[in-house]
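Sequences listed follow chains A and E, in order. Residue numbers for the first sequence, in the working numbering: 1 to 117. Residue numbers for the second sequence, in the working numbering: 1 to 113. Glycine included, every Cβ here is placed at the ideal spot set by N, Cα and C. Just so you know, these numbers come straight off a predicted model, no measurement behind them. All remarks here apply to the structure that follows.
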Amino acid sequence: GAVVSQHPSWVICKSGTSVKIECRSLDFQATTMFWYRQFPKQSLMLMATSNEGSKATYEQGVEKDKFLINHASLTLSTLTVTSAHPEDSSFYICSASVDSGTQETQYFGPGTRLLVL
Amino acid sequence: KQEVTQIPAALSVPEGENLVLNCSFTDSAIYNLQWFRQDPGKGLTSLLLIQSSQREQTSGRLNASLDKSSGRSTLYIAASQPGDSATYLCAVRSGGSQGNLIFGKGTKLSVKP
C-alpha cells in the first residue's frame, strides 16, 4: 500500500524559532497534500491543502504567514512553523492523496509531535 | 457546517467482547464516511470506507454501518482483542470526492486481556 512518511517524528524547540516538518509520499505521486493539526483529546483539524507547484489553500483561522507550506514536487511537501510559540505545540499530521478518478484516497503520515518551550 | 460527534469518548472492555462505537454527523449530505484507527503518537490507518449509497462495509471482525438520513454510523468490532486497543476516528467527506474530511474527536478503546 501507499506509504507517507514524516520527518522529524518529534521535535522540541525554543519559543521564537522556526521548525520545518517534511512530508513525503514514498511510492506514489500525490496530487494533493494536506496538513492537519491535532491537540490532545481533540479531533484532527485541517490546516491547509496544497497542490504541487501552486499556493496552499488555508482553512479559516490558520495564519498563512505563520504556517508556511511549500509543495515543490509531487512527493514532497513541507510545513514550516515560523516564530513558534508554546501554543503551537501540537501533533501535526500530513496526508497525501491519489486521485483514483472515482474518489479521492488519502494516505496519512505517522505525524510529528512539536513541543515549543 | 458539518460537525461529527463520537460516543463514547472512551471505552474499556474485557477481551472477547463485541462492541459498538457510535458516530453522528449533522449534515446528511455526505459523499462518504470513513473509520480510521490511530495508535498513540501515530498516524491514521483507514479501516473502512462507506460510500453515501452504501449501508455497510465489512472487513474481518469489523463492520461499519451507515444511516445517512439519520446522520449516524456505527463501527462494530467482534471478539475484541488487546491489539484492538487504539483510538477510533470517524470522518465524513462532503462536497464530492474533492471535499475535505471532517473528523470526530474519536473513541479511545482499551481491551483488557
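From E/T5, E/S73 and E/G43, pick the residue whose C-alpha is nearest to that of A/Q6; which is it?
E/G43
Buried versus exposed, by CB contacts within 10 Å (16 or more), E/G106
buried
Find the residues of chain E that neighbour A/L44, judging by a C-beta separation of less than 7 Å, and give them in chain order.
F103
Please classify E/T110 as buried or exposed, where buried requires at least 16 other C-beta atoms within 10 Å of its C-beta.
According to the sequence provided, residue 110 of chain E is Ser. The question's Thr does not apply to it. So E/S110 ends up on the exposed side.
Using CA atoms only, rank isn't needed, just tell me which of A/F108, A/K41, A/L115 and A/L117 is closest to A/L26.
A/F108
If the cut-off is 7 Å on Cβ atoms, which residues from the region 35–56 of chain E count as contacting chain A, listed in chain order?
G41, K42, G43 and L44
Under 9 Å (Cβ pairs) to chain A, residues found in the region 13–25 of chain E:
none
Measuring CA to CA, which of E/A29, E/P113 and E/R61 is closest to E/I102?
E/A29
Could you check what DSSP says for E/P14 in three-state terms: helix, strand or coil?
strand
Kindly list, in the order they appear in chain E, the residues whose Cβ is closer than 8 Å to that of A/G111.
G41, K42 and G43
I want to verify the contact list: residues of chain A whose CB lies under 8 Å from the CB of E/G106, in sequence order.
S43
Within 9 Å of chain E by C-beta, residues of the region 18–47 of chain A in sequence order:
T32, F34, Y36, Q38, K41, Q42, S43, L44, M45 and L46
Quick test of the definition: if touching needs 3 or more C-beta pairs under 8 Å, does the region 72–88 of chain E touch the region 29–40 of chain E?
yes
Judging by CA-CA distance, which residue of E/Q98, E/S46, E/N100 and E/R93 is the nearest neighbour of E/L75?
E/S46
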